[in-house]
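If you're matching positions, the sequence shown starts at 3 in the working numbering and goes up one per residue.
Cβ coordinates follow ideal geometry from the N, Cα and C atoms, glycine included.
Here the structure is a predicted model, which means the values were calculated and not measured.
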Amino acid sequence: MSENGFVRLISHTTRKRREGETDEDYFFVESAAEFAKIPMVETIRFEGNMYGLSVEEADKKKKLGKPLVLGVTPLGRQQIQEFCTANEGWLHIPVWVSAPTEKRIARLAQRKDEKDTRQLEDRLHTMLTTEHEWSSVEDGKEVYDLCFNRWGNPAPVVSMIKDLLVK
């Protein structure tokens with residue numbers, strides 16, 4: 003996304019770092035005790051680990067003056083919306099991008115760190131139950147400014163988001 007003028011926000015997590023991951027590229031990996039001390043914009047417990055966007059990371063990247071991008075769950079979207087409403091100067095444009103289940107399962111199968119069969123079964127179960135129920139509609143109302151059912155080529159999504167930012 004950076005090649006299109008967007009800045010990716012980096013979340014914090016308590017999960018183990020995967021092979022090839024580094025801070026600033028994927029997640030800031032923290033102990034549970036350290037994670038609990040960090041002021042957060044949004045947090046979620048997922049697969050037994052904590053994930054969240056720190057206020058410090060959001061403020062630091064906001065100073066760059068470019069649109070910020072962060073992939074979150076529907077609960078994360080709600081928390082970010084509340085943060086933006088409560089803090090002057092934050093514009094929140096939620097975008098729903100669905101990812102086909104078969105593509106997500108294929109990515110899961112390729113992960114080298116997910117060798118534990120039980121872990122794989124648990125992750126697959128979450129994918130096919132909880133995540134399968136996620137929707138861009140809450141209480142019968144569309145809660146996203148843009149919705150996409152795309153995978154792979156981000157160009158049309160980026161173009162439409164840029165158009166929305168200009169308005």
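Give the range of the alpha helix (DSSP H) segment to which residue i is assigned.
{"i": "histidine 127", "result": "119-130"}
{"i": "phenylalanine 29", "result": "Not the alpha helix (DSSP H): phenylalanine 29 falls in the beta strand (DSSP E), residues 29-31."}
{"i": "arginine 20", "result": "Careful: arginine 20 lies outside any alpha helix (DSSP H) and carries neither H nor E."}
{"i": "glycine 142", "result": "Premise fails: glycine 142 is in no alpha helix (DSSP H) and is neither H nor E."}
{"i": "leucine 93", "result": "Here leucine 93 belongs to no alpha helix (DSSP H), and DSSP marks it neither H nor E."}
{"i": "threonine 75", "result": "Threonine 75 -> no alpha helix (DSSP H), and no H or E assigned at all."}
Quick check on the DSSP output: the beta strand (DSSP E) that includes residue i runs from which residue to which?
{"i": "arginine 106", "result": "Counting along the chain, arginine 106 falls outside any beta strand (DSSP E), though it belongs to the alpha helix (DSSP H) covering 103-112."}
{"i": "glycine 54", "result": "51-56"}
{"i": "phenylalanine 48", "result": "42-48"}
Which residue's Cα is closest to the Cα of residue i: the options?
{"i": "methionine 42", "options": "Asn51, Glu49, Asp61 and Asp27", "result": "Asp61"}
{"i": "alanine 34", "options": "Gly50, Asp25 and Trp136", "result": "Gly50"}
{"i": "aspartate 25", "options": "Thr132, Thr119, Arg106 and Ile12", "result": "Ile12"}
{"i": "leucine 93", "options": "Thr119, Leu72 and Gln83", "result": "Gln83"}
{"i": "lysine 164", "options": "Ile95, Ile107 and Thr132", "result": "Ile95"}
{"i": "glutamate 58", "options": "Glu144, Lys39, Lys18 and Gln80", "result": "Lys39"}
{"i": "lysine 65", "options": "Glu123, Thr131, Leu126 and Val9", "result": "Val9"}
{"i": "serine 20", "options": "Gln80, Leu110 and Ala101", "result": "Going by the sequence as given, residue 20 is arginine instead of serine. For arginine 20, the nearest C-alpha among the options comes from Leu110."}
{"i": "proline 102", "options": "Leu70, Gln121 and Ser137", "result": "Ser137"}
{"i": "lysine 18", "options": "Gly7, Met52, Asn6 and Glu5", "result": "Met52"}
{"i": "aspartate 27", "options": "Phe37, Asn6, Glu36 and Leu72", "result": "Leu72"}
On the CB-based measure, 16 or more other CB atoms within 10 Å of its CB, does residue i come out buried or exposed?
{"i": "glutamate 104", "result": "exposed"}
{"i": "glycine 142", "result": "exposed"}
{"i": "serine 161", "result": "exposed"}
{"i": "serine 56", "result": "buried"}
Is the beta carbon of residue j closer than 8 Å to that of residue i?
{"i": "glutamate 44", "j": "valine 74", "result": "yes"}
{"i": "glutamate 23", "j": "phenylalanine 30", "result": "no"}
{"i": "glycine 67", "j": "histidine 14", "result": "no"}
{"i": "isoleucine 46", "j": "glycine 91", "result": "no"}
So who's on the other strand from residue i, going by DSSP bridges?
{"i": "arginine 15", "result": "A small correction: the amino acid at residue 15 is threonine; arginine does not occupy that position in the sequence shown. Val31 and Tyr53, per the DSSP bridge assignment."}
{"i": "leucine 70", "result": "Val9"}
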